[in-house]
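For the sequence shown, the positions run 7 to 340 when my numbering is used. Every residue, glycine too, gets a C-beta built ideally from N, C-alpha and C. Note that the structure is predicted; figures quoted are calculated from it, not measured. A short write-up of the structure that comes next.
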Amino acid sequence: MDTSDRPLDLLTRKVLEFQRLSNTKNLIKSEEKQLKQFQIELLDTTMLIAYRYPVTIRLLKEEEASEFLLKIYRRLPRIIREFRYEHLSFESYLKKVVFWQAGSFLQRKRKHENLCPCDPNDPEIIERIITGSKQGNISYRYDCNYRDVAWDSLIAESTQEYEPWDLSSLLCRKVADKIRTSKTFKKRMLQLVLLCADSLDSYQITILSKLLSINEKELAVLITKAIEKSNRRMEIDESLRTIRDTHYYEVLRLQGQLSMLYSVNADSYYIEQVQQRLEKAKRHYVQKYEESKARPGIVTHNVVASLLSIPKGTVDSGMLALRKMLQQLMDDTL
């Protein structure tokens, strides 16, 4: 295609040159080095645009932009590879893609947030009912967006709001001081953050990036890579949760069937049959619930060691030392 009628900007030239080198066989050493350099530079630039542009035009807030970047990150290399110059610069093309993707992301997010937390089919509510927790004080890994807030507001008839981290507390100030004064402590805290990658939301990532003095985009990328490397464990967890959910949907169905039999004064034989199946479904559910509850985090010490290019033993010993150190800080704070 003729591109001589308009001068190309630097970013577009880099993208086209990267595509040319990518499609060239038998590259010489200098070209291979240039290709790798282009790949790193272009990925960093596209991530920066994908993060900043929705915030600049006030389409997304900063914390939403971080979450959006985690969603779109894996698609950026493909966007770079498939770009075709048609009198539109790569930056303008990328901004158009980001604009539409950010809009779709925002719609899905708003739709999910507007779901009724009192939905009778919500696995969270069913789970608490079946396990007999009327106080709502069971501690386990949550699978729905409302967490403890929805259930506690139902049983207490008063809305409870999500409480952000109190960074002004004495313990937080001590941890922040320790991070600033000790490189080893800072590295161990980063390892701990990556181990908890699947439990962090965009707000927490923002706070942790400030606490660790790390660029938020860099931390988000590290967390994304940690989760991607743990894909197999995620599949196992998802499979276990699916089986568990199937059992408590079966419990709901049988409870409805039992209520119907009672309402029509059915023979006790039929009622007993349904009761037996209901008890069996409850047992299966509780078993899978306990298995799901006992599952560790998806990110392992091996994954963190691979991601940070350090030995696994360093992560093992570092987490033990960090635990003792944090316990000591907590004891000193009391």
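Rounded C-alpha distance that separates residue i from residue j
| i | j | result |
| --- | --- | --- |
| LYS71 | LYS77 | Note on identity: in this sequence residue 71 is Ala, with Lys being the wrong assignment. Near 10 Å, if we compare the C-alpha coordinates of LYS77 and ALA71. |
| LEU218 | ASP50 | 20 Å |
| ARG324 | PHE96 | Per the sequence presented here, residue 324 reads as Gly, with Arg not at that position. Their backbone Cα atoms lie some 44 Å apart in a straight line. |
| ILE316 | MET336 | 28 Å |
| ALA226 | ILE211 | 7 Å |
| LEU100 | THR52 | 8 Å |
| GLN261 | LEU284 | 7 Å |
| SER298 | LYS216 | 33 Å |
| ARG116 | PHE74 | 13 Å |
| LEU65 | TYR209 | 17 Å |
| LEU332 | LYS180 | 10 Å |
| ASN308 | TYR276 | 54 Å |
| ALA327 | VAL280 | 54 Å |
| PHE111 | GLN282 | 45 Å |
| LEU27 | LEU314 | 29 Å |
| ARG186 | GLU47 | 29 Å |
| GLN263 | ALA300 | 32 Å |
| LEU176 | LEU201 | 25 Å |
| GLU88 | PHE44 | 15 Å |
| LYS39 | LEU17 | 18 Å |
Unbroken alpha helix (DSSP H) run spanning residue i, endpoints
| i | result |
| --- | --- |
| LEU27 | 16-28 |
| PRO83 | 82-88 |
| GLY262 | 237-269 |
| CYS178 | 176-187 |
| TYR1 | Because the chain spans 7 through 340 in this model, residue 1 falls outside it and cannot be assessed. |
Close-in-space but distant-in-sequence residues of the same chain around residue i (CB under 7 Å, 5 per side omitted)
| i | result |
| --- | --- |
| GLN107 | ILE78 |
| LYS294 | LEU246, ILE249, ARG250, HIS253 |
| ASP273 | none |
| ALA203 | ILE229, ALA232, ILE233, VAL305 |
| ARG90 | none |
Where residue i sits in the DSSP three-state scheme
| i | result |
| --- | --- |
| LEU41 | helix |
| ARG64 | coil |
| ILE233 | helix |
| ILE304 | coil |
| LEU160 | Low confidence applies here, because LEU160 scores a pLDDT of 32, under 50, leaving its location unreliable; read the following figure in that light. Here LEU160 sits in helix by DSSP. |
| HIS93 | coil |
| TRP106 | helix |
| ASP338 | helix |
| SER315 | coil |
| ASP273 | coil |
| ASP322 | helix |
| ILE78 | helix |
| ASP172 | coil |
| ILE220 | coil |
| LYS330 | helix |
| ILE55 | helix |
| LYS299 | helix |
Beta carbon proximity, residue i to chain C, threshold 8 Å
| i | result |
| --- | --- |
| PRO302 | The structure shown contains no chain C, having only a single protein chain. |
Other residues of its chain near residue i: CB distance less than 6 Å, five sequence neighbours each side excluded
| i | result |
| --- | --- |
| ARG239 | ILE304 |
| ASP15 | SER95 |
Beta-carbon proximity list for residue i, same chain, < 8 Å, skipping 5 on both sides
| i | result |
| --- | --- |
| GLY109 | LEU65 |
| GLU244 | none |
| LEU82 | LEU49, THR52, MET53, ALA56 |
| TRP171 | CYS178, GLN210, ILE213 |
Assumed close pair residue i, residue j - CB separation to whole angstroms, cut-off 8 Å
| i | j | result |
| --- | --- | --- |
| VAL104 | PRO60 | 6 Å |
| LEU173 | ILE213 | 7 Å |
| LYS189 | SER312 | Not confirmed; about 21 Å, so no contact. |
| VAL21 | ILE63 | Contact flag wrong, Cβ pair sits at about 22 Å. |
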